[in-house]
Amino acid sequence: MPLQRELVRDDPTLCVLAHVSDARRILRGNNEDDIIELLESGYLLGWDIALAPGQAARELRLLPESVDAFLSTGRKHNFEFTWPRILLRGCSSQTVRSPTIALLLNCGATHVTNLIDAGQLKAAPAGDGPLYRRGPNGAAIVTNAAFVEFMKRRVL
0 MPLQRELVRD
10 DPTLCVLAHV
20 SDARRILRGN
30 NEDDIIELLE
40 SGYLLGWDIA
50 LAPGQAAREL
60 RLLPESVDAF
70 LSTGRKHNFE
80 FTWPRILLRG
90 CSSQTVRSPT
100 IALLLNCGAT
110 HVTNLIDAGQ
120 LKAAPAGDGP
130 LYRRGPNGAA
140 IVTNAAFVEF
150 MKRRVL
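Below you can see the structure in the form of structure tokens.
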């Protein structure tokens, strides 16, 4: 019998980061440049999760809570100290698996694997073998601290 691929559940307690297009949908009347300007001026909190930031096209993701806060008040909100807790609120252990990271970052699993392979995101060693196993049910394990450190380096 073939192995069933493990699916990551869309857990409502997880904080799935938003695309710029999501912010445009919520903040009606703003185009992509407006959203980027709001990011760069600190009204919205976001990250560039591109494989090679500054060398390739940006892959921007936004904290949904910052979009909601701006929508309701039109002011800057300080998420500097709370975003790690918000981002990992649905993660009950000290580690997070790569499929869950893909869900949090709102990207494909291959992108997370590429980040690990490029040394941008540090996976926890898996004994004497490789950092992760490929194929069905294969996943890298990343400590919450390593994930937060990656996100700190990518915050805009």
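Those letters in the sequence shown? Residues 0 to 155, per numbering that gives the first Met the number 0, in order. Positions of the beta carbon are idealized from the N, C-alpha and C atoms, including for glycine. Model, not experiment: these values are computed from the prediction.
- prompt: Would DSSP call Arg24 helix, strand or coil?
  reply: As a working mapping, residue 24 is identified with position 25 in the sequence shown. In this structure, Arg24 counts as helix in the three-state DSSP scheme.
- request: Report all residues from its chain with a CB closer than 6 Å to the CB of Gln3; omit the five preceding and five following residues, and keep chain order.
  value: Here the question's residue 3 lines up with position 4 in the sequence shown. Interpretation of Gln3 is limited by its pLDDT of 48, a score under 50 that renders its predicted location unreliable; the figure taken from the coordinates is listed afterwards. None.
field: Collapsed DSSP secondary structure at Val15 in the structure displayed
entry: In the sequence shown, the residue the question calls residue 15 occupies position 16. The three-state reading of DSSP puts Val15 in coil, since its state is none of H, G, I, E or B.
- request: Compare the beta carbon distance of Val15 and Asn105 with 7 Å and say whether it is the shorter of the two.
  value: Along the sequence shown, read from residue 1 onward, the residue named residue 15 stands at position 16. Along the sequence shown, read from residue 1 onward, the residue named residue 105 stands at position 106. Against a cut-off of 7 Å, the Cβ pair of Asn105 and Val15 comes out as a contact.
task: Tell me whether Ala123 is buried or exposed, calling it buried when 16 or more other Cβ atoms sit within 10 Å of its Cβ.
output: Within the sequence shown, the letter at position 124 stands for residue 123. That one is exposed.
message: Here's the rule: buried if 16 or more other CB atoms are within 10 angstroms of the residue's CB, otherwise exposed. What is Ala55?
response: As a first step, residue 55 is located in the sequence shown; it is residue number 56 there, counting from the start. Counting Cβ neighbours within 10 Å, Ala55 comes out exposed, since fewer than 16 surround it.
- prompt: Counting only runs that start and end within the stretch 75-154, where is the alpha helix (DSSP H) found for 4 or more residues in a row?
  reply: You should have 82-86, 97-104, 108-116, 143-153.
message: Taking only three categories from DSSP, how would you classify Leu43?
response: The residue labelled residue 43 in the question sits at position 44 within the sequence shown. Of the three classes helix, strand and coil, the one that applies to Leu43 here is coil, per DSSP.
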